[in-house]
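Shown next, in C-alpha cells, is the structure this report addresses.
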Amino acid sequence: MPNNFTAELFAEAELQQAPRTEQVGPQAFVLRGFALPWIERLVPALRSVLRAAPFRQMVTPGGFTMSVGLSSCGQLGWTTDRSGYRYTGIDPQSGQPWPAMPEAFRELAQAAATEASFPDFAPDACLINHYVPGARMSLHQDKNERDFSAPIVSVSLGLPAVFQLGGEQRGDRPLRVPLQHGDVLVWGGVDRLRYHGVLPLKDGTHPLLGPRRINLTFRHAG
Ligand code: MD3
Ligand code: FE
C-alpha cells in the first residue's frame, strides 16, 4: 500500500506534467507526444516510402518553388505544378503508383483521430513534408480533398516548429502553436477549413532525424 509520502510524490509529478491534450479550436486538438510510442515503427516505414518516392520541391501554379520538399504515400498523393493543385494516383516523378501507406502510419492516424472524437477515420492519402532550416509554409487552406467531413491528422517529427492556426478568412490573426517531435494535431468539422501555416524552421539537429522536420498529414482525399 503506498504511504502518504509516495502518494504526494505522484500527485506532484502529475501537477508538473503539461496537459497531454490541448484544444485549439472547437474541433481541433494537439495530442502532445501521441506519436512517441509509434516512432520505432514509423521511421523505417518512412525510409522505405522515401526510397520509392523521394522528396521533391514542387512548383506552385503561380511559379514559385516550394521551400518544403514533398512526397506522398497511400492511394492518392498531392501534387502541384504550373497547371494547378490536385491529388493523383500516380507519382508524376516515377510514373508509378504512390507507395502503399504503411500499416503503422494508418494505425497511428486512426488512433489519433479516435482520441479526438473522430472515429472511423479512413485515410487514403498521406502527404509527407520535409522542412530544412529556413523552410516554411505560408498560410493556406486544405481544400483539394473531395469531402470536408473527414478530419485531417498531422504528425510532427524531428526539429520543433511553430504552427500558425488562423481562421476561415486569410486576414484572421493566427494563433501560434509550438509543435515538438511526436506531437499530433487533429482537426475537422468547423475547424476543417481554417487557414494555417508553418513559420520558417530554426537551425538545429534532431538526435533521431538530423537537421530537419518531417510532417505527415493524413487525409481522406478521394
Ligand atoms: C488546422 N502542413 O501539408 S499540418 C499541409 O506542418 C500542411 O507541414 C503543415 O499544412 C505542416 O497542408 C501543417 C497541421 C494542420 C494542417 C491543416 C490544418 C493544421 C490545421 C487545417 C485547419 C486547421
Ligand atoms: Fe495544409
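Numbering (the numbering used here), first residue to last: 1291 to 1512.
Using N, Cα and C, we set each Cβ at its ideal position, and we do this for glycine too.
May I have the straight-line CA-CA distance separating residue i from residue j, to the nearest angstrom?
i	j	result
Pro1413	Pro1468	25 Å
Asp1381	Ala1394	22 Å
Gly1472	Leu1398	11 Å
Val1443	Leu1506	8 Å
Trp1328	Arg1372	37 Å
Pro1389	Gly1315	33 Å
Ala1511	His1496	31 Å
Gly1379	Trp1368	9 Å
Asp1481	Arg1396	22 Å
Is there at least one non-hydrogen atom of the ligand NAD closer than 6 Å to the beta-carbon of residue i?
i	result
Thr1378	The ligand NAD is not part of this structure, which contains only the ligand MD3 and the ligand FE.
Once DSSP output is grouped into helix, strand and coil, what is the label at residue i?
i	result
Val1333	helix
Ser1338	helix
Phe1395	helix
Asp1481	helix
Trp1388	coil
Leu1366	strand
Pro1351	coil
Met1291	Note that Met1291 has pLDDT 49, beneath the 50 cutoff, so the model's placement of it is unreliable and the number below is only indicative. Here Met1291 sits in coil by DSSP.
Within the same chain, show all residues whose beta-carbon is closer than 7 Å to that of residue i, passing over the 5 residues directly before and after it, in chain order.
i	result
Val1358	Asn1419, His1420, Tyr1421, Ala1425, Met1427
Arg1466	Val1452, Gln1454
What whole-angstrom Cβ distance do residue i and residue j have, given they're in contact under 8 Å?
i	j	result
Ala1402	Leu1483	That pair is no contact at about 20 Å.
Tyr1375	Asn1434	5 Å
Ala1415	Gln1365	7 Å
Which same chain residues, not among the five before or five after residue i, have their C-beta less than 8 Å away from its C-beta?
i	result
Thr1355	Gln1347, Met1348, Val1349
Requested in this report: Ignoring anything shorter than 3 residues or poking outside the stretch 1400-1456, list the beta strand (DSSP E) runs there in chain order.
Outcome: The stretch 1400-1456 contains these whole beta strand (DSSP E) runs: 1415-1421, 1427-1430, 1442-1448, 1451-1455.
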